[in-house]
Amino acid sequence: MEVAISRRKFLQGTVAMSVIGATVATNLLSDEHDKSSKNGKNIFKNSQTGSQRAQEVATLCEMCVNKCAALARVESGAITKLNPNPKFPKSKNMLCARGNAGIQSVYDPDRLKYPMIRIGEKGEGKFKRVTWDEAYEAILNGTDKFPGLSKILKEEEDNRSSMLFCAGEGMAEHTFKQFYQAFGSSNWLNHSSICLQTVASGYGVTIGAYPQADLDNAEYIIMAGANRAEAIVTPDTMDAFKRTKGRGAKLICIDPRFTNTAAKADKWLAIKPGTDLAFVLALTYVTLTENLFNTSYVEQYFNGFEEYKNSVLSNNYTPEWAEPITGIKAKEIYAIAREFAAHAPKAVYYPGRRSTFASNDFQLRRAMAIFQSLHGGIDVKGGLIFGSKLPIKEHEGLAPLYEKAQARAITKSTVKKGDAGYDDCAVVSDGGSWISWRNRYIEDKMPYKVRGMFCYKHNPMMNMPNTAKTAQMLKKMELVVTIDTMPSDTVMYADVVLPECTYLERTDPVTTFGGVEPSIAVRNKVIEPMYETKPVIEILKGLTTKISKPLFEISKQFDSDIQDSIESDGEEDTYAEFNLTLPFLHTQEELNHHAVSMYIGAAEQLDRDGVFYPNMDVYYKALSVNEHQYYPENKKSYTVNGGKPKTPSGKVECVLASFTQKGIDSMPVWKDAYEFKVPAGKFKLLTGRHAQFTQSGTANNAMLRDLMPENFVWINKRIAQEKGIKFADIVEISSSIGKTRLKAYPTEKIAPDQVFFVHGFGGESEALTWAYKNGGNDNAVIEDHIEPVYGAATMHETNVEIRKV
Amino acid sequence: MANYGMALDYKNCINCSACETACKEENGILMGADKHRIWVGVGEIEGQYPLLDITSNAFHPSQCQQCENAPCEEVCPTHATYYDDNGIVRVDPDKCILCSYCMNACPYDARYVDDRTMTVDKCNFCSDTRLARGETTTACQTTCPTKVRTFGDLDDPESEISILLRTREHYSLKTHLGTKPKLFYLT
Numbered sequence: 001m002e003v004a005i006s007r008r009k010f011l012q013g014t015v016a017m018s019v020i021g022a023t024v025a026t027n028l029l030s031d032e033h034d035k036s037s038k039n040g041k042n043i044f045k046n047s048q049t050g051s052q053r054a055q056e057v058a059t060l061c062e063m064c065v066n067k068c069a070a071l072a073r074v075e076s077g078a079i080t081k082l083n084p085n086p087k088f089p090k091s092k093n094m095l096c097a098r099g100n101a102g103i104q105s106v107y108d109p110d111r112l113k114y115p116m117i118r119i120g121e122k123g124e125g126k127f128k129r130v131t132w133d134e135a136y137e138a139i140l141n142g143t144d145k146f147p148g149l150s151k152i153l154k155e156e157e158d159n160r161s162s163m164l165f166c167a168g169e170g171m172a173e174h175t176f177k178q179f180y181q182a183f184g185s186s187n188w189l190n191h192s193s194i195c196l197q198t199v200a201s202g203y204g205v206t207i208g209a210y211p212q213a214d215l216d217n218a219e220y221i222i223m224a225g226a227n228r229a230e231a232i233v234t235p236d237t238m239d240a241f242k243r244t245k246g247r248g249a250k251l252i253c254i255d256p257r258f259t260n261t262a263a264k265a266d267k268w269l270a271i272k273p274g275t276d277l278a279f280v281l282a283l284t285y286v287t288l289t290e291n292l293f294n295t296s297y298v299e300q301y302f303n304g305f306e307e308y309k310n311s312v313l314s315n316n317y318t319p320e321w322a323e324p325i326t327g328i329k330a331k332e333i334y335a336i337a338r339e340f341a342a343h344a345p346k347a348v349y350y351p352g353r354r355s356t357f358a359s360n361d362f363q364l365r366r367a368m369a370i371f372q373s374l375h376g377g378i379d380v381k382g383g384l385i386f387g388s389k390l391p392i393k394e395h396e397g398l399a400p401l402y403e404k405a406q407a408r409a410i411t412k413s414t415v416k417k418g419d420a421g422y423d424d425c426a427v428v429s430d431g432g433s434w435i436s437w438r439n440r441y442i443e444d445k446m447p448y449k450v451r452g453m454f455c456y457k458h459n460p461m462m463n464m465p466n467t468a469k470t471a472q473m474l475k476k477m478e479l480v481v482t483i484d485t486m487p488s489d490t491v492m493y494a495d496v497v498l499p500e501c502t503y504l505e506r507t508d509p510v511t512t513f514g515g516v517e518p519s520i521a522v523r524n525k526v527i528e529p530m531y532e533t534k535p536v537i538e539i540l541k542g543l544t545t546k547i548s549k550p551l552f553e554i555s556k557q558f559d560s561d562i563q564d565s566i567e568s569d570g571e572e573d574t575y576a577e578f579n580l581t582l583p584f585l586h587t588q589e590e591l592n593h594h595a596v597s598m599y600i601g602a603a604e605q606l607d608r609d610g611v612f613y614p615n616m617d618v619y620y621k622a623l624s625v626n627e628h629q630y631y632p633e634n635k636k637s638y639t640v641n642g643g644k645p646k647t648p649s650g651k652v653e654c655v656l657a658s659f660t661q662k663g664i665d666s667m668p669v670w671k672d673a674y675e676f677k678v679p680a681g682k683f684k685l686l687t688g689r690h691a692q693f694t695q696s697g698t699a700n701n702a703m704l705r706d707l708m709p710e711n712f713v714w715i716n717k718r719i720a721q722e723k724g725i726k727f728a729d730i731v732e733i734s735s736s737i738g739k740t741r742l743k744a745y746p747t748e749k750i751a752p753d754q755v756f757f758v759h760g761f762g763g764e765s766e767a768l769t770w771a772y773k774n775g776g777n778d779n780a781v782i783e784d785h786i787e788p789v790y791g792a793a794t795m796h797e798t799n800v801e802i803r804k805v
Numbered sequence: 806m807a808n809y810g811m812a813l814d815y816k817n818c819i820n821c822s823a824c825e826t827a828c829k830e831e832n833g834i835l836m837g838a839d840k841h842r843i844w845v846g847v848g849e850i851e852g853q854y855p856l857l858d859i860t861s862n863a864f865h866p867s868q869c870q871q872c873e874n875a876p877c878e879e880v881c882p883t884h885a886t887y888y889d890d891n892g893i894v895r896v897d898p899d900k901c902i903l904c905s906y907c908m909n910a911c912p913y914d915a916r917y918v919d920d921r922t923m924t925v926d927k928c929n930f931c932s933d934t935r936l937a938r939g940e941t942t943t944a945c946q947t948t949c950p951t952k953v954r955t956f957g958d959l960d961d962p963e964s965e966i967s968i969l970l971r972t973r974e975h976y977s978l979k980t981h982l983g984t985k986p987k988l989f990y991l992t
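Those protein sequence lines, which keep their order, are chains A and B. Each residue of the first sequence is one higher than the last, beginning at 1 in this note's numbering. Each residue of the second sequence is one higher than the last, beginning at 806 in this note's numbering.
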């Protein structure tokens, strides 16, 4: 067998390029001794681990959302290596490239080191170093450049909702959210509307939960619009690819691009972007007309089966109908439907976990959930599973009610589009709709003034479509406070910058991980925080100590409930309910010990091993160097509900009648508007992830940049040739909202009418030595289209032009 | 004293670069795209979209093959490249004169220049780090998400690698050259 082993071939693939000296050290944020190392090779100092045994600390990775368990090797106070912690059933003894490169996030010379306040123009990135107290003081009372909370809340008459709170995903999002709740604003935005809102909700309303897939036991897997070989999800990635290629699990990859998942699949079918719904409807048609479904499951657990069946049949969603829409041959659709049924219930239509690509995504997820359910593959080994979760104790937060705090700056659908507070989606979810909130804000369509924002571990400048509009929003905000580890593009727009320590320098809230093999795991602090950084819990403790009393004094002036309460109960008792410091009185370690106090020995075990579950001492075994048993087979939570869906009715909901009033189809149906169309001369822009970077958060990581120096735009080889575009030529990608430049990668792995590049590159923060203007920024080009149900951003609905520059 | 080798369940490989990163962090390998002890070879995709040959784009994890008859050792004029007590092909940085004969001789393209130590470096199964501390796995094996690698003593009939090689079909690369590699690709 001929095997490709050439080093040179590898080089061509990753595009060798010198990373030294390409960028100039104009970093105002680093201190002098760091600056000196920036132009030289010192930054690449990457020493080998020592020859002695060293201290090992069990922690959890934060390089992406998976939270894999790691053992940090600490030598003379420095972290020299991160290894996988084999004891965690979720990550099963592995650490990916990003997990290994986590060390670089601690020792990145560009990281935020000290509290800073803005001295230049907004967005200019000119700051001065201050003490923590000066930073808190500036948040409360402002400077000559920006107003403080005190002024804002006085002028807005104690409307706490005049401050927006937003946060990215992470274990300590919980801690920050407690600050938001205590503060009393109703404006909260998180990642969900630019992340997995429609998939989680689509499954949620249909089968009662966003399920996991038992890829360890599935015999047949349809992976459509999910790329588990590159967008790693644990344990799915590890489970799936040990058994593909004729080794027990047949993997059907449906994707417009030939991804690494396609390369590892048994079959890859190119689909036209945004047409997966037609594919699933056609599979459903075959299932219904050939009686391939599980009749007893349908009888017992379906609501609205006949109505849905009639819809699918009367609309004639045949494979022949789907062929021109999807680009997938009818005979393939017949074969897949039949093979899926033959393997059911050990067959999985993989739910996936990604941002919304097309406006029909919610209906797509519903159709997928119903298709899976038709085969009885719910809450069962080898199918989709609910799994079980170990309970942990909550601790008390503070959620006071302020009389003057207004409701969310979005009103229900009674308000017409264009009016203040207009709503442009059917359901307002907890995490809100980021782009519709932002767009209302810059259009001056808020029902009241929102004047400032707290932003935790979140990078709106890079993370959502239409970067220009986000910049406009941030410039308009009078007080922007960011809590972050890196000087991101968003931090450049801050008035006050509060530097958080990295995940390896802090203990985060202990977390329970549900699944087939449930466990509790904790991120333990590996080393003390460097520079003047602090964990968010301590930052909030300091901040609330500063602002709590003065803000209460403002409330006293405007809040008649508080005035009444003081009259009847006295000021001290009243203040106790508005004391913002209360959620932050205990250390994270104390809170964690309390959270698991119902399990004997759990706290100590979590400190030591990072992972706990009952009977672990008996169940956990190393089967080989590579494989571990976490639970014996008969103790695994394959079936926890007897196959019954977790909806309130206990049934699979085919028809959601209540959605009709909101203008949303009650059942998944196809519409002509969903068809894939690209005007001549243009390309549909696709974006996505890969295994070496996580969004924009890791863009400055020197080790990861070594693996992939920049992003390239995939363009079909034949089209590239027509346009005279060669490998590594710089091209400009432009849409109706903006443009970006990056290098070209002509390949047959993409269709002639589409282009693709990965998200997270092309940042504009000059404080990021390696990420600054490195590659292209997809969000500078992606138009801000809004998905109709949850207001999610649709990432694959932008047509672009491409030209060589 | 052992006779170390490695078995690779290469069909598991998803080309995620975890192994390369772990190797770099563990062994202090220089950054730079051509500076790596291990890599994944990727076959160029064949066909025209959408009719692509799914088998053409295969991933082949690779590194120094730890030959029993290593051409790089044979051509080294200063004996900088040598076999250690564990049968691992190693390099003595003090003796290496950067003549690069080894780079030309190696049929697997497994050697590269470390500009810091001025040595033609290569994979040594983590001999300076993990094995030196008495650990029994390499960084690349431990970290791999899909568990491609099994490292162990070929002379110990009860070692996991020996059992794997007895029970699974496998092949080695360019065996016709007589290099006798100690990396085994499981089929």
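From the three backbone atoms N, C-alpha and C, an ideal C-beta is built for every residue, glycine too. Please read these numbers as outputs of a predicted model, since none were measured by experiment.
(1) How would you label valine 845 of chain B, buried or exposed, when you count the other beta carbons within 10 angstroms and need 16 or more for buried?
(2) Could you tell me the boundaries of the beta strand (DSSP E) in which serine 519 of chain A lies?
(3) Along the chain, which unbroken stretches of the alpha helix (DSSP H) at least 4 residues long are found entirely within the stretch 907 to 958 of chain B?
(4) Check the Cβ-Cβ distances between asparagine 832 of chain B and every residue of chain A, and say whether any is below 8 Å.
(5) Considering only the alpha carbon of each residue, which of A:Arg408, A:Thr175 and A:Asp276 lies closest to glycine 397 of chain A?
(6) Give the DSSP bridge partners of tryptophan 188 of chain A, in chain order.
(7) Specify, as a first and last residue, the run of the beta strand (DSSP E) that histidine 865 of chain B falls within.
(8) How long is the line joining the alpha carbons of isoleucine 410 of chain A and aspartate 858 of chain B, rounded to whole angstroms?
(9) Which class does glycine 791 of chain A belong to by DSSP, given the choice of helix, strand or coil?
(10) Kindly indicate which residue of B:Cys828, B:Ala944 and B:Asp839 has the alpha-carbon position closest to the one of valine 925 of chain B.
(11) Could you name the residues of chain B that tryptophan 268 of chain A contacts, counting a contact when the two beta carbons are closer than 9 Å?
(12) Does aspartate 933 of chain B come within less than 8 Å of chain A when only Cβ atoms are used?
(13) For isoleucine 483 of chain A versus glutamate 500 of chain A, is the C-beta spacing smaller than 8 Å?
(14) In chain A, what lies closer than 8 Å to asparagine 817 of chain B by C-beta?
(15) Assign aspartate 144 of chain A to one of two classes, buried (16 or more other C-beta atoms within 10 Å of its C-beta) or exposed (fewer than that).
(16) Locate the alpha helix (DSSP H) running through valine 618 of chain A, then write down its first and last residues.
(17) At 4 residues or longer, what runs of the alpha helix (DSSP H) sit wholly inside the stretch 269 to 312 of chain A?
(18) State the Cα-Cα distance for the pair lysine 816 of chain B and asparagine 700 of chain A, rounded to the nearest angstrom.
(19) Closer than 8 Å is the cut-off here; do at least three beta carbon pairs connect the stretch 779 to 794 of chain A with the stretch 732 to 751 of chain A?
(20) Taking 8 Å as the threshold (beta carbon to beta carbon), is methionine 811 of chain B in contact with chain A?
(21) Counting only C-beta atoms, is phenylalanine 930 of chain B closer than 8 Å to chain A at any point?
(22) Terminal residues of the continuous alpha helix (DSSP H) containing lysine 475 of chain A?
(23) So is aspartate 108 of chain A buried or exposed if we call it buried at 16+ other beta carbons inside 10 Å?
(24) Would you say isoleucine 750 of chain A touches the ligand GTP, meaning its beta carbon is less than 7 Å from a heavy atom?
(25) Look up glutamate 849 of chain B in the DSSP assignment and say whether it is helix, strand or coil.
(26) Let me know the alpha helix (DSSP H) ranges lying completely inside the stretch 634 to 707 of chain A, each 4 residues or longer, listed in chain order.
(27) Rounded to whole angstroms, what is the Cα-Cα separation between lysine 457 of chain A and valine 106 of chain A?
(28) Hey, how far is the Cα of asparagine 466 of chain A from the Cα of asparagine 799 of chain A?
(29) Using CA coordinates, which residue listed in B:His981, B:Leu959 and B:Cys821 is at the minimum distance from glycine 892 of chain B?
(30) With a cut-off of 8 Å, does the C-beta of serine 822 of chain B fall near any C-beta of chain A?
(31) Indicate whether at least one CB of chain B lies closer than 8 Å to the CB of isoleucine 750 of chain A.
(32) Taking only beta-carbon positions, decide if histidine 796 of chain A is within less than 8 Å of chain B.
(33) Exposed or buried, what is leucine 982 of chain B when buried is set at 16 or more other beta-carbons lying within 10 Å of its beta-carbon?
(34) Under 8 Å Cβ-Cβ, which residues of chain B neighbour glutamine 52 of chain A?
(35) Can the beta-carbon of alanine 399 of chain A be found less than 8 Å from the beta-carbon of serine 186 of chain A?
(36) Looking at chain B, which residues of the stretch 88 to 108 of chain A have a Cβ within less than 7 Å of any of its Cβ atoms?
Taking the definition as stated:
(1) Counted from its first residue, the second sequence places residue 845 of chain B at position 40. By the 10 Å Cβ count, valine 845 of chain B comes out buried.
(2) On the first sequence, residue 519 of chain A is found 519 positions in, with the first residue counted as 1. From DSSP, the beta strand (DSSP E) with serine 519 of chain A extends over 519 to 521.
(3) 944 to 948
(4) Position 27 of the second sequence, counted from the first residue, corresponds to residue 832 of chain B. Closer than 8 Å: yes.
(5) Indexing the first sequence from 1 puts residue 397 of chain A at position 397. Of A:Arg408, A:Thr175 and A:Asp276, the residue nearest in Cα terms is A:Thr175.
(6) To locate residue 188 of chain A, count along the first sequence from 1; it is residue 188. A:Phe165, per the DSSP bridge assignment.
(7) The residue labelled residue 865 of chain B in the question sits at position 60 within the second sequence. Run containing histidine 865 of chain B: 864 to 868, per the beta strand (DSSP E) assignment.
(8) Counted from its first residue, the first sequence places residue 410 of chain A at position 410. Counted from its first residue, the second sequence places residue 858 of chain B at position 53. Taking the straight line from one Cα to the other gives about 51 Å.
(9) On the first sequence, residue 791 of chain A is found 791 positions in, with the first residue counted as 1. Here glycine 791 of chain A sits in coil by DSSP.
(10) Mapped onto the second sequence, residue 925 of chain B falls at position 120. Out of B:Cys828, B:Ala944 and B:Asp839, B:Asp839 has the C-alpha closest to the C-alpha of valine 925 of chain B.
(11) As a working mapping, residue 268 of chain A is identified with position 268 in the first sequence. Within chain B, the residues near tryptophan 268 of chain A are Pro855, Leu857 and Ile859.
(12) Against the second sequence, residue 933 of chain B aligns to sequence position 128. True, the Cβ-Cβ gap to chain A drops below 8 Å.
(13) The residue given as residue 483 of chain A occupies position 483 in the first sequence. The residue given as residue 500 of chain A occupies position 500 in the first sequence. In this structure, glutamate 500 of chain A lies closer than 8 Å to isoleucine 483 of chain A by Cβ.
(14) Taking the first residue of the second sequence as 1, we reach residue 817 of chain B at position 12. Near asparagine 817 of chain B (Cβ distances below 8 Å), the residues of chain A are Phe241 and Lys242.
(15) Working through the first sequence from its first residue, we reach residue 144 of chain A at position 144. Its Cβ having fewer than 16 others within 10 Å, aspartate 144 of chain A is exposed.
(16) Counting from one through the first sequence, the residue named residue 618 of chain A turns up at place 618. 616 to 619 is the span of the alpha helix (DSSP H), which, as asked, contains valine 618 of chain A.
(17) 276 to 289 and 295 to 301
(18) For the purposes of this step, residue 816 of chain B is identified with residue 11 of the second sequence, where counting begins at 1. For the purposes of this step, residue 700 of chain A is identified with residue 700 of the first sequence, where counting begins at 1. Straight-line Cα distance between these residues: approximately 32 Å.
(19) yes
(20) Position 6 of the second sequence, counted from the first residue, corresponds to residue 811 of chain B. With 8 Å as the cut-off, methionine 811 of chain B does not count as an interface residue toward chain A.
(21) Taking the first residue of the second sequence as 1, we reach residue 930 of chain B at position 125. False, the Cβ-Cβ gap to chain A never drops below 8 Å.
(22) Here residue 475 of chain A refers to the residue found at position 475 of the first sequence. Per DSSP, lysine 475 of chain A belongs to the alpha helix (DSSP H) from 467 to 476.
(23) As a first step, residue 108 of chain A is located in the first sequence; it is residue number 108 there, counting from the start. It is buried - the Cβ of aspartate 108 of chain A has at least 16 other Cβ atoms within 10 Å.
(24) Summarising the ligand content, the structure contains no ligands, and the ligand GTP is consequently not present.
(25) Within the second sequence, residue 849 of chain B is the residue found at index 44, counting from 1. Looking at glutamate 849 of chain B - three-state DSSP - the assignment turns out to be coil, as it is neither helix nor strand.
(26) 657 to 660 and 702 to 707
(27) The residue given as residue 457 of chain A occupies position 457 in the first sequence. The residue given as residue 106 of chain A occupies position 106 in the first sequence. Each residue's alpha carbon lies about 15 Å from the other.
(28) As a first step, residue 466 of chain A must be located in the first sequence, where it is residue number 466. As a first step, residue 799 of chain A must be located in the first sequence, where it is residue number 799. Cα-Cα distance, rounded: 14 Å.
(29) For this step, residue 892 of chain B is matched to residue 87 along the second sequence. Checked all of B:His981, B:Leu959 and B:Cys821; the closest Cα to glycine 892 of chain B is B:Leu959.
(30) The sequence position of residue 822 of chain B within the second sequence is 17, counting from 1. Cβ-Cβ to chain A under 8 Å: yes for serine 822 of chain B.
(31) Mapped onto the first sequence, residue 750 of chain A falls at position 750. It does; some Cβ of chain B falls within 8 Å.
(32) Within the first sequence, the letter at position 796 stands for residue 796 of chain A. Not closer than 8 Å to any Cβ of chain B, the Cβ of histidine 796 of chain A fails to qualify, so no.
(33) As a first step, residue 982 of chain B must be located in the second sequence, where it is residue number 177. That one is exposed.
(34) Residue numbering aside, residue 52 of chain A sits at position 52 when the first sequence is read from its first letter. Per Cβ cutoff of 8 Å: Arg938.
(35) Locating residue 399 of chain A in the first sequence gives position 399, counting from the first residue. Locating residue 186 of chain A in the first sequence gives position 186, counting from the first residue. Their beta carbons are not under 8 Å apart, which means alanine 399 of chain A does not touch serine 186 of chain A by this criterion.
(36) Met94, Leu95, Cys96, Ala97, Asn100, Ala101 and Ile103
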